[in-house]
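The next block holds one structure in the form of structure tokens; read it before the comments.
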Amino acid sequence: MDRPSYFALIDADSMRRASISHALAARDIHVEPFEDIVELIEHWPRSGLILAHDDGLTIQALIEHMGRYGDWLPVVGFAENPNSRRIVSAILSGAVDYLAWPFEDRDLAEALRTMGSRADSLTSSKMREARARSRIERLTRREREVLSCVASGLSSRMIGEKLSISPRTVEIHRANMLNKIGAHRTSEAIRIAIEASLIG
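If you count by the working numbering, then the sequence shown holds residues 4 to 203, one letter each, in order.
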């Protein structure tokens, strides 16, 4: 991806939306402003980047939506005077970059220069992780435990002993787990668990 030329902007503050739109338009970047994630979902873009005000909820909601539907776009968070904990939280949630508002001209130029290549490198892995997490979320607590044990190389008998259930019950949970996450083989289930960061 070259330097992004389209941003979907999510920000509940209309004055800030206008200021950011103006700042990006000055750099020949088309900005489509949205008040909230609901409005964006109704007009989901096919390409570009999402610039999301970090209100503590929006970035996570975006990642969850994209994981559920597979419509992955890179997300860039921003906030006024963000502390490092807030930035780390957004990046761990799935944002590819983070900016402090008001944008310093030098910071914005540098972010735009690197954003395209960073988005390309992260989008593929983040998309796989988001899809895997959405599959894992379908499992019950017990099914997740069984998957974690399977991924650790334990047999049904050993899993049963560890979880205090019969090997037959383990097999039932195992079959349900495979079915729910759409895996045809144990190795596929393990791959999904790794991509979802369920196991290290």
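Idealized CB from N, CA, C, for every residue including glycine. Remember, it's a predicted structure, so these values are computed and weren't measured experimentally.
Taking all protein chains shown into account, residue 117 has fewer than 16 neighbouring C-beta atoms within 10 Å of its C-beta and is therefore exposed. Burial is judged here by how many other beta carbons sit within 10 angstroms of a residue's own beta carbon; residue 14 has at least 16 and is buried. Restricting attention to beta strand (DSSP E) runs no shorter than 3 residues, the stretch 50-122 encloses them at 52-56, 78-83, 100-104, ordered along the chain.
The DSSP assignment places complete alpha helix (DSSP H) segments of no fewer than 4 residues inside the stretch 123-170 at 144-154, 159-166, in order along the chain. Residue state for residue 29 is assigned as coil, using DSSP reduced to three classes. The stretch 191-198 makes contact with the stretch 130-145: 3 or more CB pairs, one atom from each, lie closer than 8 Å.
In terms of Cβ geometry, residue 115 and residue 55 do not form a close pair [threshold 9 Å]. Straight-line measurement puts the Cα of residue 75 at about 28 Å from the Cα of residue 108. Judged by pairs of C-beta atoms under 8 Å, the stretch 14-34 does not touch the stretch 62-77, as fewer than three such pairs exist. Residue 42 and residue 28 have their alpha carbons spaced roughly 21 Å apart. The Cβ-Cβ distance between residue 26 and residue 111 falls below 9 Å. Here DSSP, grouped into helix, strand and coil, assigns residue 192 to helix. With a cutoff of 9 Å on beta-carbon distance, residue 89 and residue 82 are scored as near each other. In this structure, the straight-line span from the alpha carbon of residue 23 to that of residue 78 is close to 16 Å.
Proximity to residue 94 across 62, 103, 70, 113 peaks at 62, based on C-alpha coordinates.
Just so you know, the alpha carbons of residue 66 and residue 98 end up roughly 8 Å apart.
Residue 17 and residue 162 have their alpha carbons spaced roughly 55 Å apart.
Annotated as proximal: residue 70 and residue 132, with beta-carbon spacing under 9 Å. Here residue 176 has 145, 146, 149 as same chain residues with Cβ atoms under 7 Å from its own Cβ, once five neighbours each way along the sequence are excluded. Distances from the CA of residue 60 to each of 39, 184, 174, 155 were compared; the closest alpha carbon is that of 39.
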